[in-house]
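Asker: Residue numbering for the sequence shown follows my numbering, starting at 263 and increasing by one per position. Where a beta carbon is used, it is the ideal one built from N, C-alpha and C, also for glycine. This is the structure I have questions about; it appears just below.
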Amino acid sequence: MGTASTALKMLLQPKQACGTEFVPMYERAFAHTIVGKEMPALAFNRGRVALWAVLRAASVDGRSEVILPAYTCETVPMAVKFAGAKCVYTDVEPGYYNVSLEHVKKVLTSCSRVVICQHTYGITQPVRDWARLLSENGILLVEDRCQMAADISDGCSASIAGDAAYFSTHFSKPFSTGQGGLAVFPNSRMYPAVEQVRAEFPLNGDRKRVHRLVMQVLLYALMVRPLTRAIIGNVFRWAQRCGLIRGTISVDEYGEQMPADYLSRSSNFQAALGIEQLHRWRENCRHRRHLTKFYMERLASLGIDVSSFRQRDNDPVLLMVPVLVNNKDEILRRASKRSLPIGTWFDRSPAHINPESAHLYDYRPGQCPQAERLISKEIHLLTASWVTEYQAEKAVEFIRRYAEISYPQD
263 MGTASTALKM
273 LLQPKQACGT
283 EFVPMYERAF
293 AHTIVGKEMP
303 ALAFNRGRVA
313 LWAVLRAASV
323 DGRSEVILPA
333 YTCETVPMAV
343 KFAGAKCVYT
353 DVEPGYYNVS
363 LEHVKKVLTS
373 CSRVVICQHT
383 YGITQPVRDW
393 ARLLSENGIL
403 LVEDRCQMAA
413 DISDGCSASI
423 AGDAAYFSTH
433 FSKPFSTGQG
443 GLAVFPNSRM
453 YPAVEQVRAE
463 FPLNGDRKRV
473 HRLVMQVLLY
483 ALMVRPLTRA
493 IIGNVFRWAQ
503 RCGLIRGTIS
513 VDEYGEQMPA
523 DYLSRSSNFQ
533 AALGIEQLHR
543 WRENCRHRRH
553 LTKFYMERLA
563 SLGIDVSSFR
573 QRDNDPVLLM
583 VPVLVNNKDE
593 ILRRASKRSL
603 PIGTWFDRSP
613 AHINPESAHL
623 YDYRPGQCPQ
633 AERLISKEIH
643 LLTASWVTEY
653 QAEKAVEFIR
663 RYAEISYPQD
């Protein structure tokens, strides 16, 4: 059954769509397929809510510090603040996209309660080294695997080593349920604590919210094609700004108070989509591995350094392949008109958080210059299942002709 068929079926059965009885089967299938072994998993309406639940289970409070990368999605510090903790940012290691363990060591204090290890773009971190250090200091390690597209059974560099790891299944992620997220628990003590936190969420989802998601997924499946993707994306963002749909981040999430519907479970609709997507997971991984290698070879031929993408024991599998340019706005505008598989993670510059509200998330503009530099220059080449090698070749040729490549000295 395709995505459109699943959405249409759930549209005609709204009571079933917003229920939760199918979710445990989805959680088990996710752990078996993505993690590659039996491991407790819990599904949520969004990835950030999974992170929030893990933090609450860790009993963070106003004295607790959560260490996280400055080069990240703004929903991560939002979840930390909604959980009642303080954000402590680490800058990106120069020449790379991930935070180094050495940078984390420098900000550890007696108040450090949780460290978030992000695998940016799917570039794997040496999490076993992180786990050893943090375990010795009694600090929880939470892995942000929202951009991980690798089949974990393929190589040990992708293995989970944190106390918990959370994933996103948003439209843009390795596999999609429209919106959604999950958490898995290598630390057996964390699972019951997070399960207890989630038990306090409403049992059945908000029917109106699920109905909106079903409609979005159905329209996306019927209308979005490579040639229409840019146009539909612009319409989606317009509808989000006008409040017609609830997009990636709702306006009320930027406030000081947690939105009323923030704490929500995964629904039967998301579970049905997720199980369908899991059947294509390994094929998806192979496709992304192939395109990652293709992009890296072509970019290297243009003199662009791709060494930061490489992994120790396997070929990298990236959600998107970043390129830093000095003419970001121009590139995105031109690429959109040509319907090329080129995008950006950060629409706002120079920081991931609006300067007017940065103080709410303990961020001071300018405090992490390497991350802010990346945010202002980052574009990326997509490896999604709809991207063909022909389209990827056109995207690289476009970069060659129009991009003003940014180098470390820029």
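What does C349 pair with, by DSSP beta-bridge criteria?
Answerer: Answer by DSSP bridge pairing, in chain order: V328.
Asker: Using C-beta distances below 8 Å, list every residue in its chain close to H381, excluding the 5 sequence neighbours before and after it, in chain order.
Answerer: N360, Q387, E405, D406, R407, Q409 and M410
Asker: From what residue to what residue does the alpha helix (DSSP H) around V322 run?
Answerer: Note, V322: premise wrong, no alpha helix (DSSP H); not H, not E.
Asker: Taking the beta carbon of Q632 as the centre, do at least 16 other beta carbons fall within 10 Å, making it buried, or is it exposed?
Answerer: buried
Asker: Start and end of the alpha helix (DSSP H) containing Q478?
Answerer: Following the DSSP letters along the chain, one finds Q478 inside the alpha helix (DSSP H) bounded by residues R469 to M485.
Asker: Could you give the distance in angstroms between the alpha-carbon of T265 and the alpha-carbon of I537?
Answerer: 11 Å
Asker: For E634, does the count of other Cβ atoms within 10 angstroms reach 16, so buried, or fall short, so exposed?
Answerer: buried
Asker: With 16 as the cutoff for other CB atoms within 10 Å, does V513 come out buried or exposed?
Answerer: exposed
Asker: Please say whether F463 and V456 have beta carbons closer to each other than 8 Å?
Answerer: no
Asker: Under three-state DSSP, which class holds M410?
Answerer: strand
Asker: My understanding is that H614 touches T334, with C-beta atoms under 8 Å, so please give their C-beta distance in whole angstroms.
Answerer: 6 Å
Asker: How should R544 be labelled, buried or exposed, when 16 other C-beta atoms within 10 angstroms of its C-beta is the threshold for buried?
Answerer: exposed
Asker: Where do the N-terminal and C-terminal ends of the beta strand (DSSP E) with Q380 fall, by residue?
Answerer: S374 to Q380
Asker: Per DSSP, which residues does E405 bridge with? Please list them.
Answerer: Bridge partners of E405 according to DSSP: C379 and A427.
Asker: Does the beta-carbon distance from S326 to R290 come in below 8 Å?
Answerer: Against a cut-off of 8 Å, the Cβ pair of R290 and S326 comes out as no contact.
Asker: At which residues does the beta strand (DSSP E) containing E640 begin and terminate?
Answerer: E640 to L644
Asker: For M342, report the span of its alpha helix (DSSP H) as first-last.
Answerer: The question names Met, but residue 342 in the sequence shown is Val. Here the alpha helix (DSSP H) through V342 covers T337 to F344.
Asker: Please name the residue, chosen from L581, N588 and I637, that lies closest to V649 on a Cα-to-Cα basis.
Answerer: L581
Asker: For A291, which beta-bridge partners are listed by DSSP?
Answerer: A291 is not bridged to any residue.
Asker: Taking only the alpha-carbon atoms, compute the straight-line gap between R469 and S421 and give it to the nearest angstrom.
Answerer: 37 Å
Asker: Measure from the alpha carbon of L553 to the alpha carbon of each residue in A461, P584 and I401, then state which is nearest.
Answerer: Minimum Cα distance to L553 is reached at P584.
Asker: May I ask which residues mark the beginning and end of the alpha helix (DSSP H) holding G536?
Answerer: In the DSSP assignment, G536 falls within the alpha helix (DSSP H) that extends over N530 to L540.
Asker: Look at Y623 and P339 and say whether their C-beta atoms are less than 8 Å apart.
Answerer: yes
Asker: Kindly indicate which residue of P356, Y516, L636 and S434 has the alpha-carbon position closest to the one of F646.
Answerer: Note that residue 646 is Ala in the sequence shown here, rather than Phe. The candidate whose alpha carbon is nearest that of A646 is S434.
Asker: Under the DSSP definition of a beta bridge, which residues are partnered with G605?
Answerer: H642
Asker: Taking all protein chains shown into account, do 16 or more other C-beta atoms lie within 10 angstroms of the C-beta of K639, making it buried, or fewer, making it exposed?
Answerer: Label assigned to K639: buried.
Asker: Residues in its own chain within less than 6 Å of S347 by CB, not counting five upstream and five downstream?
Answerer: One detail in the question is off: residue 347 reads as Ala in this sequence, not Ser. Counting only Cβ-Cβ distances below 6 Å, and skipping sequence neighbours, we find V322, S326 and V328.
Asker: Per the DSSP calculation, F306 is bridged to which residue(s)?
Answerer: Under DSSP, F306 forms a beta bridge with G443 and R527.
Asker: Under 8 Å Cβ to Cβ from A216, same chain only, skipping five residues before and after it: list those, please.
Answerer: Any answer about residue 216 is impossible in this case: the structure gives the chain only from 263 up to 672.
Asker: Can you name the residues that DSSP bridges to L580?
Answerer: M410
Asker: Which of the three DSSP states is assigned to V513 in this structure?
Answerer: helix
Asker: State the start and end residues of the unbroken alpha helix (DSSP H) segment that holds D391.
Answerer: V389 to E398
Asker: Can you confirm whether the segment 547-564 touches the segment 274-287 when touching is taken to mean that 3 or more C-beta pairs between the two stretches lie within less than 8 Å?
Answerer: Between the segment 274-287 and the segment 547-564 there are fewer than three C-beta pairs closer than 8 Å, too few to call the two in contact.
Asker: Does the beta-carbon of C418 have 16 or more other beta-carbons within 10 angstroms, so that it is buried, or is it exposed?
Answerer: Note that C418 scores 47 on pLDDT, short of 50, meaning its location in the model is unreliable; the coordinates nonetheless yield the value given after this. Exposed, since its Cβ has fewer than 16 Cβ neighbours within 10 Å.
Asker: Which stretch, first to last residue, makes up the alpha helix (DSSP H) that contains L594?
Answerer: K590 to K599
Asker: Can you check which of these residues, R390, F344, T282 and G443, is closest to L363 by C-alpha distance?
Answerer: R390
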